[in-house]
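Inspection log for the structure reproduced underneath, given as structure tokens.
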Amino acid sequence: MCGRYTLAKKPEVIAQRFDASLEKDTFRETFNAAPTQVLPVISNNNPETIRYFKWGLIPFWAKDASIGNKMINARAETLKEKPAFRKSLQQKRCLVIADGFYEWKKEGKTKQPFRITLKDNGLFAFAGLWDEWKDDKGNKVQSFTIITTDPNELMAPIHNRMPVILPPAQEKHWLSNDLNPDEAMDLLVPYNAADMEAYPVSTLVNSPANNIKELLDSLEKGAGAS
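Written out as structure tokens, the structure reads:
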């Protein structure tokens with residue numbers, strides 16, 4: 000699964016990388032993005048703008064917003080079957096912007112957190128789905144989920160799932176309204192392990208209340224990527 004990630008780059012760098020506008024005044028670096036937070040995404044219905052959606056997908060038909068707490072991830076192999084994701088796969092896809100993510104490896108009775116990044120420490124996009132829900136008063140909530148798949152060779156020793164990271168050449172394709180569900184499913188594969196790296200980090204990341212730059216530091220090297 001993917002339950003925490005990072006986005007610690009400057010807003011102008013993010014805007015340039017994804018060729019989309021981003022309001023600098025509303026952007027905040029995050030070193031420990033967690034479910035229920037409102038975070039930057041690019042949706043297929045407005046690909047020129049980076050917007051802020053709530054992490055934890057609330058289907059349009061949901062009776063209660065709390066369902067989103069269980070919808071932070073969506074397994075790629077079940078997207079066409081699950082009512083919560085089927086329509087979004089067809090019509091509401093998004094890019095979830097990140098520069099790293101955390102996963103926990105079981106080591107005896109403890110779990111050691113790792114941060115996983117691209118080797119060039121660059122920005123990337125998770126494949127995501129989004130939806131829009133209205134409460135009883137007509138207030139709109141736009142939310143998203145991160146799609147997961149089988150682990151690659153780097154991730155397999157750490158966890159049995161990994162988020163789908165889209166190669167840059169496929170990002171616009173994922174957002175295309177001409178993409179049909181079968182074509183979309185073909186994109187949901189493990190990222191090339193040779194282009195990624197993982198390193199252990201402090202257990203301070205275990206609490207979403209901790210959102211400090213030091214979370215990026217490697218326990219092995221004494222300094223993380225910034």
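Numbering follows numbering that gives the first Met the number 0, with no gaps: position 64 of the sequence shown is 63. Glycine included, C-beta positions come from ideal geometry on N, C-alpha and C. Since this is a predicted model, take the numbers as computed values, not measurements.
Check, Outcome
"Close Cβ partners of Gly2 (< 7 Å) along its chain, the five nearest in sequence each way excluded", "Pro34 and Ile71"
"Asn31 burial status per 10 Å Cβ neighbour count (16 or more: buried)", "buried"
"Touching by the beta-carbon criterion (3+ pairs, under 8 Å), the stretch 149-165 and the stretch 185-193", "yes"
"Neighbour-count burial assignment, Lys108, 16 or more Cβ in a 10 Å radius", "exposed"
"Euclidean distance between Cα positions of Val163 and Leu187", "6 Å"
"Inter-residue spacing [alpha-carbon to alpha-carbon] between Ala64 and Asn138", "12 Å"
"Rounded C-alpha distance that separates Trp132 from Glu219", "44 Å"
"Where the alpha helix (DSSP H) through Phe17 begins and ends", "Pro10 to Phe17"
"Neighbour-count burial assignment, Ala7, 16 or more Cβ in a 10 Å radius", "buried"
"Through-space distance from Glu213 to Phe113, alpha-carbon basis", "13 Å"
"Alpha-carbon to alpha-carbon, Leu38 and Ser20", "15 Å"
"Residue interval of the beta strand (DSSP E) (run including Gln111)", "Thr109 to Leu117"
"Sufficient close CB pairs (3 or more, under 8 Å) joining the stretch 170-188 to the stretch 38-50", "yes"
"CB-CB length for Ile96 against Ile49, believed under 8 Å", "7 Å"
"Tyr101 to Asp135 span [Cα, whole Å]", "36 Å"
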